[in-house]
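In the working numbering, the protein residues as written are 2 to 136.
Put into structure tokens, the structure is as follows:
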């Protein structure tokens with residue numbers, strides 16, 4: 002009897018990788034939700050706690066978030082938050098039974114990425130313009 006080498010299950014070969022434009026945003030939505038819950042909550046509590054610990058602690062946290070690394074974290078957090086929000090609307094539409102056709106899935110996936118980029122650039126522009134106006 003002839004034996005054929007078969008992959009152990011589960012294996013990546015069972016997934017159709019050409020459909021990743023539809024599956025990747027859905028997976029990323031879930032990962033970004035976990036990131037928002039952990040890192041976002043930690044940063045918020047750190048900022049809030051620094052206000053309670055006194056002016057020195059608040060100034061230290063403000064200096065951290067004003068550094069290049071802190072600004073990079075805030076910009077990345079903006080991308081995570083906006084993408085999670087936009088793709089969450091997409092998931093709500095799915096919960097209502099709308100948009101399950103493959104062509105609609107692809108269009109809404111690209112639209113979510115485009116809307117995320119536009120909203121992030123707009124938020125960064127307005128935020129930095131406001132920051133520069135105050136400084």
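Just so it is clear, CB atoms sit at the ideal spot from N, CA and C, and this is done for glycine as well.
The structure displayed is predicted, hence computed values, not measured ones.
Counting along the chain, residue 59 sits inside the alpha helix (DSSP H) bounded by residues 56 to 67. Excluding residues up to 5 positions away in sequence, 71 lie with their Cβ nearer than 8 Å to the Cβ of residue 65 in the same chain. Contact between residue 47 and residue 62 holds: their C-beta atoms lie close to 6 Å from each other, under 8 Å. Here the alpha carbon of residue 52 sits roughly 11 Å from the alpha carbon of residue 45.
By the Cβ test, the stretch 86 to 100 is in contact with the stretch 22 to 37, since at least three Cβ pairs between them sit closer than 8 Å. In the structure shown, residue 84 falls within a helical segment according to DSSP collapsed to helix, strand and coil.
With a threshold of 16 other beta carbon atoms within 10 Å, residue 110 meets it and is buried. Residue 124 and residue 112 have their C-alpha atoms roughly 18 Å apart.
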